[in-house]
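Novice:
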Amino acid sequence: MKSFDDLNLSKKEKLMLRAIKEAVQRIAPASEVVFFGSRARGEVAPESDWDILILADNVTYELKDEICAALYDLELEREIIINPLILDKREWTSGLYLHHPIHRNVEREGMVIR
């Protein structure tokens, strides 16, 4: 995975990513928030969303709902579309996800938001 400084992001984009991370970590403080997808690759189009992988401990439907609600508030406030993928850290590192194309994409183009 890349580091935050490896990406050629505008100040506005970096602030957006930090706002996303803060919104997530208010609910799941130990979570890891990873930016990936077309924006992370620098292939931004007007309709590009913000692909975010959220790795947390003990993920439940309730936790997913809380995180999605917080991100929805941010979407409305900033007029953006956030596409969160919320997974349990153990599931992400297990055999099921290790061989999934999304795992390879995140490993290749993703970066942990610091």
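Per the working numbering, the sequence shown starts with residue 184, numbered consecutively.
Beta carbons are placed, not taken as given, at the ideal position from N, Cα and C, and that holds for glycine.
Candidates K197, G278, I250 and L281: which alpha carbon is nearest R209's?
Specialist: Your numbering for residue 209 matches position 26 in the sequence shown. Closest option to R209, Cα to Cα, is I250.
Novice: Within a Cβ cutoff of 6 Å, which residues of the same chain sit near I237, ignoring the five residues on either side of it in sequence?
Specialist: Within the sequence shown, residue 237 is the residue found at index 54, counting from 1. So the list reads V207, S214, V216, P267 and I269, once near-sequence residues are dropped.
Novice: With burial defined as no fewer than 16 other Cβ atoms inside 10 Å of the residue's Cβ, what is the status of L281: buried or exposed?
Specialist: For the purposes of this step, residue 281 is taken as residue 98 along the sequence shown, with counting starting at 1. Looking at its Cβ environment, which holds fewer than 16 other Cβ atoms inside 10 Å, L281 is exposed.
Novice: On a Cα-Cα basis, can you pick out the residue from W233, P212 and A211 that is closest to L198?
Specialist: On the sequence shown, residue 198 is found 15 positions in, with the first residue counted as 1. If we check each option's Cα against that of L198, W233 comes out closest.
Novice: For the alpha helix (DSSP H) that I203 lies in, which residues bound it at each end?
Specialist: Mapped onto the sequence shown, residue 203 falls at position 20. Start and end: K194 to I210.
Novice: Determine the contact status of R224 and E290, defining contact as a CB-CB distance below 7 Å.
Specialist: On the sequence shown, residue 224 is found 41 positions in, with the first residue counted as 1. On the sequence shown, residue 290 is found 107 positions in, with the first residue counted as 1. Not closer than 7 Å, so no.
Novice: How should R273 be labelled, buried or exposed, when 16 other C-beta atoms within 10 angstroms of its C-beta is the threshold for buried?
Specialist: As a position in the sequence shown, residue 273 is number 90, starting the count at 1. Per the 10 Å Cβ criterion, exposed.
Novice: List the DSSP bridge partners of N266.
Specialist: Counting from one through the sequence shown, the residue named residue 266 turns up at place 83. Partner(s): D234.
Novice: I need the straight-line Cα distance from A239 to P229, nearest angstrom please.
Specialist: Position 56 of the sequence shown, counting from 1, holds the residue named residue 239. Position 46 of the sequence shown, counting from 1, holds the residue named residue 229. Rounded to whole angstroms, A239 to P229 spans 30 Å at the Cα level.
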